[in-house]
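Remarks on the structure that follows.
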Amino acid sequence: MNLQTTQPVYEPKTPLQFPKDFIWGAATSAYQIEGAIYQDGRGVSIWDEFAATVGKTYRGESGAIAIDHYNRYKEDVALMKQLGLGAYRFSIAWPRIFPTGTGMINQKGLDFYDRLVDELLKHNISPIPTLFHWDLPAQLGHAGGWLNRDTANYFADYVEVVSKKLGDRVSHWITVNEPWCASYLGYGVGVHAPGHTSTVEAVQSGHVLMLAHGMAAQRLRANSAASAKIGVALNLVPIYTADDSEATQKKAHERDVFFNSWFIDPIFHGKYTDDFKEVMGNFPQMQDGDLRIISTPIDFVGINYYSREYVSSQEADLTNLKRSAEYTEMGWEVFPDGITAIIERVHAEAPNLPIMITENGAAFDDVVDSDGLVHDIKRINYLAKHLEACHTAIQHSAPLIGYLVWSVFDNYEWAEGYVKRFGLVHVDLQTQKRTIKDSGRWFADFIQNQRNAQP
Ligand code: IFM
């Protein structure tokens, strides 16, 4: 794409050569980009309700219009082609398919994703649909949401319909995105929909979400091509310690249980440990067979990586880190080595399971310059360093099969509204004009160089 920058771009220590069939792509989710919430029979989601509640989101912003991808998907897929993406991870809005969560199918909603998949394939971009990325139908929310086991059964029915429609053309499916966020942020601390504040509910909703994942995996298996791969996307956080003191090590273990084992143990190993109960306060209510369903074999695991957790018993260590480290606009420390560590951790837990980075990226203070372009050198360097760290994991023999940038476009960052821009493509929210940022050009060149280097 011929990127020209006046600032130096980070150069990896040795040239990077990724495997031949490596999946290069980028990701979005329905509520963050589609807009069109009243169009073609879409039902209300818990995020429409949450965003409409005073004080829940930055400036009261919602996904009602977002970047109007629902109406501009052809233009958007053409941009993805320009970025050289080989794969596009998007999510399907359950309330477009079942406006009330269950019952009558909304054909127009289903047809939208049918058209999107065809458009992607027309441009040689593999569709990677995620079936749940937080926009639960509001009616199911009112009936208890993820605290109600019926929601998992309704989810499986919805997955059945979607997989029958798209299963002939999808190579990789993702059941659920970041169950930790949906349960802890949504039910535990209330900063996401539905805005509850109970640890007991966080644990219970996490369990039902995992049950939904397992049921979905079974339906997808039945309805997809034999070659289709099924996975889940977990936001995982490597834990680093400042010292070897007992207090620090104990805290680090607790943080690891909280961020990682909570979902890794049931999904990979079919169990909750006593440590889980100690850290979270209680086990979820479950039924015989739940853990067997939750640990239904999958074909790959998606890791969404953004930063690490640093644990110290000394306040001064944390203050020093805050002074010396680089942070994104989300306030997250830029820590590329953490992606190597978390890939290796997952590989150790599930040695035979391929791993895909299903999200990695950063929000920075992007501006459109006087030349009409966005010179987001910080994002280029962020991506370059994380790709180098992914490459290190592969050299250490981790089965990494793909890397997807979060996100293709600037979009609705949930309770943070629109100010946090993660895109490879800048979107002017007044005019909906899309502009490929320098990072988008850089990523396109990177992918192209990787393809050119293949024998
Ligand atoms: O925007 C989110 C996405 O929806 C889920 N993963 C993290 C991203 C950045 O916060």
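Here our numbering is used: position 452 in the sequence shown is 876, and no number is missing along the way. Cβ atoms here follow ideal geometry from the backbone N, Cα and C, with glycine treated the same way. In this text the structure is predicted, and so the values were computed from the model without any measurement.
Just measuring C-alpha positions, the residue of R466, Y730, T452 and A649 sitting nearest D535 is R466.
Here the C-alpha atom of W866 lies approximately 33 Å from the C-alpha atom of G591.
Relative to the ligand IFM, the nearest heavy atom lies less than 8 Å away from the CB of N601. Between F724 and I779, the gap from beta carbon to beta carbon is short of 9 Å. M639 sits buried, since 16 or more C-beta atoms from the chains shown fall within 10 Å of its C-beta.
Contact check for A450 against W756 fails: the beta carbons are separated by 9 Å or more. In terms of CA proximity to W558, S607 leads the group D689, S607 and P823. Of all alpha-carbon atoms in A617, D464 and R803, the one lying nearest the alpha-carbon of P432 is that of R803. Taking a contact as a CB-CB distance under 8 Å, the pair R732 and Y806 does not count as one, their CB atoms being some 14 Å apart. Cα atoms of A517 and I871: separation of roughly 29 Å, rounded to the nearest angstrom. Scanning the segment 488-528 for uninterrupted beta strand (DSSP E) segments of 3 residues or longer gives 511-515, listed from N- to C-terminal end. Taking H547 as reference, the option from R573, P553 and A511 with the minimal CA-CA separation is A511. Unbroken beta strand (DSSP E) runs of no fewer than 3 residues, entirely contained in the segment 443-489, are found at 447-451, following chain order.
Less than 9 Å divides the Cβ of P879 from the Cβ of K444.
For M780, the CB stays at least 8 Å from every heavy atom of the ligand IFM.
Per the DSSP secondary-structure output, M780 pairs in a beta bridge with G726 and G826. Taken in chain order, the whole alpha helix (DSSP H) runs of length 4 or more contained in the segment 525-584 are 531-546 and 562-566. CA-CA distance, T526 to N601, rounds to 20 Å.
The bridge partners DSSP lists for E757 are Y751. Taking the CA atoms as reference points, H693 sits about 10 Å from S685. Shortest gap from the CB of H557 to any heavy atom of the ligand IFM: under 8 Å. In this structure, the straight-line span from the alpha carbon of S550 to that of G655 is close to 15 Å. Residue pairing from DSSP leaves V613 without any beta-bridge partner. CA-CA distance, D472 to V613, rounds to 19 Å.
The DSSP-derived three-state label of R845 is strand. DSSP, reduced to helix, strand and coil, places N706 outside both helices and strands of the structure shown, so it counts as coil.
Beta-carbon to beta-carbon, S469 and A476 are separated by about 11 Å, too far to satisfy the 8 Å threshold. Sequence-distant Cβ neighbours of P760 in its own chain, meaning closer than 6 Å and more than five residues away, are K809, H810 and A813.
Put simply, the backbone Cα of H677 is about 16 Å away from that of E773. Linking V478 to S622 through their CA atoms gives a straight-line distance of about 21 Å. Closer than 8 Å to some heavy atom of the ligand IFM: that does not describe the Cβ of E733.
Considering only K857, E543, Q642 and G785, the residue with the shortest C-alpha distance to T452 is G785.
For secondary structure counted as the beta strand (DSSP E) over 3 or more consecutive residues, the segment 650-698 holds these complete runs in sequence order: 653-659 and 663-665. Boundaries of the alpha helix (DSSP H) harbouring W866: D862 to A877, taken from the DSSP string.
Secondary structure at E435: coil, using DSSP grouped into helix, strand and coil. Setting aside the 5 residues that flank it on each side, L828 is surrounded in the same chain by G449, A450, A451, R513 and T782, each with a C-beta closer than 6 Å to its C-beta; the list follows chain order.
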